[in-house]
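Visitor: Residue numbers (the UniProt record's numbering): 22 to 463.
We treat Cβ as the ideally placed atom computed from N, Cα and C, and that holds for glycine.
For clarity, every value in this text was computed on a predicted model and none was experimentally measured.
Sharing a structure, written as structure tokens. Questions coming.
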Ligand code: GLN
């Protein structure tokens, strides 16, 4: 299986691969083979080949964040989530193409070439975890580990017809994930079924002393997600569905899905929520501010492809100017401006305040409903090249994913319900309920 997947990855034309981990993968596979030959029992994940978005540390492998800046950087240690999968016997095959530092919604912001959609290769693969979603959709990996700050697991999963889960913030350790916006960064699986999502999620979850935002969680059992008796009421946001930005195709299919859910005896409530523009601007204000801060360490001194200038200041400046992409520079410059005197009270603090209001709104909603449903995106995937021409339109296309990130809620994309999938969201720490509902819809 490992050899077969390696061959597929090598010959793929979708630009999903940043680096292949061929030798390590084959060595590990041999060990599993020997165990099987000796008749020893093997675990659920043992020998299962998987992919890793190229923003996770895996010792001795390149971790480039799809950037010029880190194209020669080798991880000094291994991320907790990845180590847990290795401990369970899963076999890492590939570091996967993505938008550089997670900045993007199309996986075109990368030095490795735009990721092509699994269903129609003229379209984008989605982002930022585009390579991971396409690898799963094309069966190049059994599952992949993406990263989701504002939709980067859920949107590419939706664009490529697979499952993608952003767990509750803190369920999985972020240690060893290259930080984009630390307050919403989440580790999560992309896979072909809720059952696979459940298995991989269980393997990665848990408190980690290296990430103080993690919390202890219980294993979600196979049986527990079969019983849906606890789900009586779901809700959806009126203004998402009535917005001018939604395509008629997505709107009609979403409402048809809602009708089917009603027919199954579930009560459906229509909820009020913030306007998409408010969600997108709040998210991008905080995400840009946090990424400006997080990426300030990449100046060619400790990390990064150093380009010497006449003095230290020049070195920093040239290293960063030459090696960050246009999109990343837009965010770093924007973020630093938002944090600077005169702007921070006006804009950044307002963003923090809105985030609290959004979280309060969710708390109120989850007193009334068990699950919130929404489309993943207002539109179907654009053609390759289109998003690069219009960054603002790209930001606005994140309208339905970023709110759940700001709320730090567990949200799963399933490949049905609309052309780009359906998002199933639960209250904080209700990850099990989300998987239950997904099973129920299957
Ligand atoms: N598209 C969003 C952004 O560019 C989300 C990206 C992500 O979740 N990493 O910020």
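1) Touching or not, the segment 222-232 and the segment 249-267, by the rule of three or more beta carbon pairs under 8 Å?
2) Pull up the CB-CB distance for residue 390 and residue 290, whole angstroms please, since I reckon it's below 8 Å.
3) Our contact map puts residue 173 next to residue 149 with C-beta atoms below 8 Å; I'd like the distance itself, whole angstroms only.
4) Judging by CA-CA distance, which residue of 89, 103, 83, 269 is the nearest neighbour of residue 96?
5) Thinking just about the alpha-carbon of each residue, which of 420, 392, 406 is nearest to the one in residue 461?
6) Suppose you measure from the CA of residue 412 to the CA of residue 85; what does that come to, to the nearest Å?
7) Between the Cα of residue 32 and those of 191, 156, 297, 99, spot the shortest distance and give me the residue it belongs to.
8) Indicate the three-state DSSP secondary structure (helix, strand or coil) for residue 187 in the structure shown.
9) What are the partner residues of residue 472, as DSSP defines its beta bridges?
10) What distance in whole Å lies between the Cβ atoms of residue 114 and residue 23, which are believed to be in contact at a cut-off of 8 Å?
11) Hey, residue 402 and residue 147: beta-carbon distance below 8 Å or not?
12) Quick check on the burial criterion: 16 or more other C-beta atoms within 10 angstroms. Buried or exposed for residue 375?
13) Could you name each continuous alpha helix (DSSP H) segment of 4 residues or more that falls completely within the segment 312-387, going from the start of the chain to the end?
14) Check whether the segment 72-80 and the segment 311-328 touch, using three or more Cβ-Cβ pairs below 8 Å as the test.
15) Out of 246, 252, 211, 207, which has the shortest C-alpha to C-alpha gap to residue 234?
16) In whole angstroms, what separates the C-alpha of residue 94 from that of residue 199?
17) Considering only DSSP beta bridges, list what residue 288 is partnered with.
18) Here's the rule I'm using: 16 or more other beta-carbon atoms within 10 Å means buried, otherwise exposed. How should residue 212 be labelled?
19) Please go through the segment 23-78 and give each complete alpha helix (DSSP H) segment of 4 or more residues, from N-terminal end onward.
20) Give, in chain order, every unbroken run of the alpha helix (DSSP H) that is at least 4 residues long and sits entirely within the segment 420-454.
21) Confirm the yes/no value for this check: CB of residue 308, any heavy atom of the ligand GLN, distance under 7 Å.
22) In chain order, what residues of the same chain have a beta carbon less than 8 Å from the beta carbon of residue 129, not counting five sequence neighbours either side?
23) Kindly give me the distance between the Cβ atoms of residue 6 and residue 297, rounded to whole angstroms, as I take these residues to be in contact under 8 Å.
24) Taking just the CA atoms, how far does residue 60 sit from residue 467?
25) Just verifying my parser: in three-state terms, what is the DSSP assignment at residue 412?
26) What number of angstroms, rounded off, separates the C-alpha of residue 191 from the C-alpha of residue 430?
27) Have a look at residue 71 and residue 247 and give me their C-alpha separation to the nearest angstrom.
28) CA-CA distance, residue 158 and residue 354?
29) When you compare the CB positions of residue 197 and residue 282, do they come within less than 8 Å of one another, or not?
30) Run through the DSSP bridge pairs and tell me what residue 144 is partnered with.
31) Buried or exposed: residue 384, going by 16 or more other Cβ atoms within 10 Å of its Cβ?
32) Is the beta carbon of residue 83 within less than 7 Å of some heavy atom of the ligand GLN?
33) Compute the distance between the beta-carbons of residue 312 and residue 363, then report whether it is under 8 Å.
34) Quick one: what's got a C-beta closer than 6 Å to residue 46's C-beta in the same chain, skipping five residues either side?
35) Within the same chain, show all residues whose beta-carbon is closer than 8 Å to that of residue 92, passing over the 5 residues directly before and after it, in chain order.
36) Taking all protein chains shown into account, decide if residue 237 is buried (16 or more other Cβ within 10 angstroms of its Cβ) or exposed.
Guide: Quick answer:
1) no
2) Start at 1 with the first residue of the chain shown, and residue 390 comes out as number 369. Start at 1 with the first residue of the chain shown, and residue 290 comes out as number 269. Right, their Cβ atoms sit about 6 Å apart.
3) Here residue 173 refers to the residue found at position 152 of the chain shown. Here residue 149 refers to the residue found at position 128 of the chain shown. Confirmed, Cβ separation roughly 4 Å.
4) Here the question's residue 96 lines up with position 75 in the chain shown. Per the Cα distances, 83.
5) Translated into positions along the chain shown, residue 461 becomes position 440. Nearest option by C-alpha distance: 392.
6) Along the chain shown, one-based indexing puts residue 412 at 391. Along the chain shown, one-based indexing puts residue 85 at 64. Whole-angstrom Cα-Cα distance: 23 Å.
7) Taking the chain shown and counting its residues from 1, one reaches residue 32 at position 11. Cα-wise, what sits closest to residue 32 is 156.
8) Indexing the chain shown from 1 puts residue 187 at position 166. Three-state result, residue 187: strand.
9) Beyond the ends of the chain as shown, which are 22 and 463, falls residue 472; an answer cannot be given.
10) Numbered from 1 along the chain shown, position 2 holds the residue referred to as residue 23. Numbered from 1 along the chain shown, position 93 holds the residue referred to as residue 114. Indeed they touch by this definition, with Cβ atoms about 7 Å apart.
11) Taking the first residue of the chain shown as position 1, residue 402 is located at position 381. Taking the first residue of the chain shown as position 1, residue 147 is located at position 126. Taking 8 Å as the Cβ cut-off, residue 402 and residue 147 qualify as a contacting pair.
12) Sequence index remark: in the chain shown, residue 375 carries index 354 (1-based). Residue 375 counts as buried, since no fewer than 16 other beta carbons sit within 10 angstroms of its beta carbon.
13) For the segment 312-387, the full-length alpha helix (DSSP H) segments reaching 4 residues or more read 333-344, 347-360 along the chain.
14) no
15) In the chain shown, counting from the first residue as 1, residue 234 sits at position 213. With respect to the C-alpha of residue 234, the residue from 246, 252, 211, 207 having the closest C-alpha is 207.
16) Within the chain shown, residue 94 is the residue found at index 73, counting from 1. Within the chain shown, residue 199 is the residue found at index 178, counting from 1. Computed Cα separation, rounded: 12 Å.
17) By 1-based counting over the chain shown, the position of residue 288 is 267. According to DSSP, which records beta bridges pairwise, residue 288 is partnered with 254.
18) Here residue 212 refers to the residue found at position 191 when the chain shown is read from its first residue. Residue 212 should be labelled buried.
19) 23-31, 43-58
20) 423-427
21) In the chain shown, counting from the first residue as 1, residue 308 sits at position 287. Yes - the ligand GLN has a heavy atom lying nearer than 7 Å to the Cβ of residue 308.
22) Start at 1 with the first residue of the chain shown, and residue 129 comes out as number 108. So the list reads 120, 135, 136, 145, 148, 405, 406, 408, 409, once near-sequence residues are dropped.
23) No answer is possible for residue 6: it lies beyond the span of the chain, which begins at 22 and ends at 463.
24) In the structure as shown, the chain starts at 22 and stops at 463, and residue 467 therefore has no counterpart that could be examined.
25) Looking up residue 412 in the chain shown gives position 391. The answer is helix: DSSP assigns residue 412 an H, G or I state.
26) Working through the chain shown from its first residue, we reach residue 191 at position 170. Working through the chain shown from its first residue, we reach residue 430 at position 409. The alpha-carbon atoms of residue 191 and residue 430 are separated by roughly 10 Å.
27) Stepping through the chain shown from its first residue, residue 71 is reached at position 50. Stepping through the chain shown from its first residue, residue 247 is reached at position 226. For residue 71 and residue 247, the distance between alpha carbons rounds to 26 Å.
28) By one-based count along the chain shown, residue 158 stands at place 137. By one-based count along the chain shown, residue 354 stands at place 333. The alpha-carbon atoms of residue 158 and residue 354 are separated by roughly 36 Å.
29) Here residue 197 is taken as the residue at index 176 of the chain shown, counted from 1. Here residue 282 is taken as the residue at index 261 of the chain shown, counted from 1. No, these two residues do not count as a Cβ contact at 8 Å.
30) Residue numbering aside, residue 144 sits at position 123 when the chain shown is read from its first letter. Under DSSP, the beta-bridge partners assigned to residue 144 are 404.
31) Against the chain shown, residue 384 aligns to sequence position 363. So residue 384 ends up on the exposed side.
32) Taking the chain shown and counting its residues from 1, the one referred to as residue 83 is at position 62. No, the ligand GLN has no heavy atom inside 7 Å of this Cβ.
33) Numbered from 1 along the chain shown, position 291 holds the residue referred to as residue 312. Numbered from 1 along the chain shown, position 342 holds the residue referred to as residue 363. Going by C-beta atoms, residue 312 is not nearer than 8 Å to residue 363.
34) If you number the chain shown from 1, residue 46 lands on position 25. Cβ within range, chain order: 23, 112, 114.
35) Within the chain shown, residue 92 is the residue found at index 71, counting from 1. 83, 85, 132, 326, listed in sequence order.
36) For this step, residue 237 is matched to residue 216 along the chain shown. Residue 237 should be labelled exposed.
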